[in-house]
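Numbering (the numbering used here), first residue to last: 1407 to 1842.
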């Protein structure tokens, strides 16, 4: 055991004192592994040599690495060259998308107009409808349009692929809340109603251009107008703690064109107004009715479709009356008016005729020759004129012949009818002569 240990120590010192030649970098890997197997052979029957072998090998690698600095420098430069062009991308994952609810996937398009008093306006109603709503997965930023301040939100995502084939999700923007407080606060009530009606009638006119004017109202047309993808405004939300006469006039003027939902609906005495059948008691009830109750949402859409069909019938009737009046005026303008002609030309007619005669250029021709003795009045006919009487009597035989063919007369009765007809003709002639 001691001999082996001393031999091992001598071997270690001997190896450390040996100056190794320069190692080629191309064969450095193969040469570095050979001393571990052949530098220090140990007898197979020596148990102590087994325990000392790892120390010899580890000392050899550390000493050889320290004794050959050019080799280490070559490897460092080589590694730096190979790793200089390596780029490791860093990907930042986006925030996870909010999962849509079953109600949000089936709610369809919702378009709401809203206005209110100063302390709780339409923007506050939009916040109460959208913020904290479990059915809303995305709320966009508000934008200003010529109609008012609009806020769009989404209850579902649309999945599609880009040009590289990667999946991408975008919001549907199926919820739209339009703040029309600026129009409703106009000083003139009639002007405020007209400005709001122009907003409501904008999708009306788009639908009117699509539907054929001759197509009558039907169940199929009503279903299309009240579908979840309809462009009609769903409702007008009015938030007013106290109903003023001006608000009453605005609601009365708009109730026939859009379903009106008033908030709050309790504790405030309200007269009979053309409002919707959906009357929530709070904003929470309004949110639940629109986003969580398909029956309530269908009720509002049906009321909107009813109002559009009524407006369409009024427009068609007014257009028909206007076209008929225009046609009548054009026809009257094209017809000849004798009174107007006489007023314009009768006063100068004799003067123009005299001037024409003084020109002495009047020519005679077949077109200007009139029969002598002719007058504007027709000649009187003598009712007892014999040829006329005969011809009149003969003209009665044709209807008499048809009557005989239908009556199947013969014999004495036929003779009586013929004689009676002749006498009737003579009598008519005498009567006309006596009257003349």
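All residues carry an ideal CB built from backbone N, CA and C; glycine is no exception. The model shown is predicted, which means the values in this text are computed figures rather than measured ones.
Backbone CA spacing between residue i and residue j [nearest angstrom]
| i | j | result |
| --- | --- | --- |
| residue 1508 | residue 1537 | 18 Å |
| residue 1550 | residue 1556 | 6 Å |
| residue 1798 | residue 1745 | 42 Å |
| residue 1829 | residue 1808 | 19 Å |
| residue 1656 | residue 1694 | 26 Å |
| residue 1500 | residue 1547 | 19 Å |
| residue 1822 | residue 1832 | 15 Å |
| residue 1765 | residue 1754 | 17 Å |
| residue 1732 | residue 1723 | 14 Å |
| residue 1516 | residue 1701 | 14 Å |
| residue 1443 | residue 1572 | Because the pLDDT at residue 1443 is just 39, under 50, the model does not fix this residue reliably, and the point stays unresolved. |
| residue 1647 | residue 1653 | 11 Å |
| residue 1576 | residue 1726 | 46 Å |
| residue 1750 | residue 1757 | 13 Å |
| residue 1617 | residue 1594 | 34 Å |
| residue 1703 | residue 1539 | 17 Å |
| residue 1626 | residue 1615 | 17 Å |
| residue 1651 | residue 1699 | 33 Å |
| residue 1496 | residue 1553 | 45 Å |
| residue 1836 | residue 1805 | 22 Å |
| residue 1873 | residue 1604 | Coverage of the chain is limited to positions 1407 through 1842, which leaves residue 1873 absent and any answer about it impossible. |
| residue 1827 | residue 1729 | 57 Å |
| residue 1747 | residue 1800 | 48 Å |
Selected residue, minimal CA-CA separation from residue i, among the options
| i | options | result |
| --- | --- | --- |
| residue 1683 | 1705, 1700, 1588, 1662 | 1705 |
| residue 1600 | 1663, 1566, 1645, 1539 | 1663 |
| residue 1511 | 1713, 1554, 1635, 1500 | 1635 |
| residue 1669 | 1645, 1823, 1691 | 1645 |
| residue 1588 | 1580, 1582, 1581, 1598 | 1598 |
| residue 1711 | 1631, 1593, 1727 | 1631 |
| residue 1825 | 1592, 1576, 1803 | 1803 |
| residue 1649 | 1521, 1553, 1750 | 1521 |
| residue 1715 | 1801, 1590, 1624 | 1624 |
| residue 1369 | 1532, 1679, 1719, 1575 | Any answer about residue 1369 is impossible in this case: the structure gives the chain only from 1407 up to 1842. |
| residue 1708 | 1628, 1720, 1503 | 1628 |
| residue 1622 | 1760, 1720, 1827 | 1720 |
Proximal residues to residue i (C-beta, below 6 Å), its chain only, five neighbours per side dropped
| i | result |
| --- | --- |
| residue 1545 | 1536, 1559 |
| residue 1534 | 1689 |
| residue 1642 | 1519, 1664, 1666 |
| residue 1692 | 1686 |
| residue 1679 | 1657 |
| residue 1596 | none |
Neighbourhood of residue i by C-beta, 8 Å cutoff - its chain only, sequence neighbours within 5 removed
| i | result |
| --- | --- |
| residue 1713 | 1662, 1663, 1664, 1665 |
| residue 1590 | 1521, 1598, 1602, 1656 |
| residue 1578 | 1560, 1561, 1562, 1563, 1564 |
Boundaries (first-last residue) of the alpha helix (DSSP H) holding residue i
| i | result |
| --- | --- |
| residue 1756 | 1755-1764 |
| residue 1622 | First-last for residue 1622: undefined, no H or E at that position. |
| residue 1654 | 1651-1660 |
| residue 1595 | 1595-1616 |
| residue 1692 | 1689-1697 |
| residue 1587 | 1587-1590 |
| residue 1546 | Careful: residue 1546 lies outside any alpha helix (DSSP H) and carries neither H nor E. |
| residue 1686 | Per DSSP, residue 1686 belongs to no alpha helix (DSSP H) and is neither H nor E. |
| residue 1512 | 1508-1512 |
Neighbourhood of residue i by C-beta distance below 7 Å, restricted to the same chain and skipping five residues each side
| i | result |
| --- | --- |
| residue 1637 | 1609, 1612, 1613 |
| residue 1506 | 1543, 1561, 1562, 1563 |
| residue 1514 | 1580, 1634, 1635 |
| residue 1659 | 1599 |
| residue 1620 | none |
| residue 1717 | 1610, 1663 |
| residue 1436 | Summary for residue 1436: the model assigns pLDDT 41, below 50, so the residue's position carries little reliability; its value from the coordinates is reported in the next sentence. There are no such residues. |
| residue 1565 | 1573, 1575 |
| residue 1592 | 1598, 1601 |
| residue 1568 | 1574 |
Cβ separation of residue i and residue j, assumed to be a contact under 8 Å, to the nearest whole Å
| i | j | result |
| --- | --- | --- |
| residue 1602 | residue 1639 | The Cβ separation is near 11 Å, so there is no contact. |
| residue 1697 | residue 1585 | Contact flag wrong, Cβ pair sits at about 19 Å. |
CB contact check: residue i to chain B, cutoff 9 Å
| i | result |
| --- | --- |
| residue 1574 | No chain B appears in this structure, which consists of one protein chain only. |
Run of the beta strand (DSSP E) containing residue i, from where it starts to where it stops
| i | result |
| --- | --- |
| residue 1565 | 1563-1567 |
| residue 1577 | 1573-1577 |
| residue 1522 | 1516-1522 |
| residue 1557 | 1555-1560 |
| residue 1666 | 1666-1669 |
| residue 1642 | 1641-1645 |
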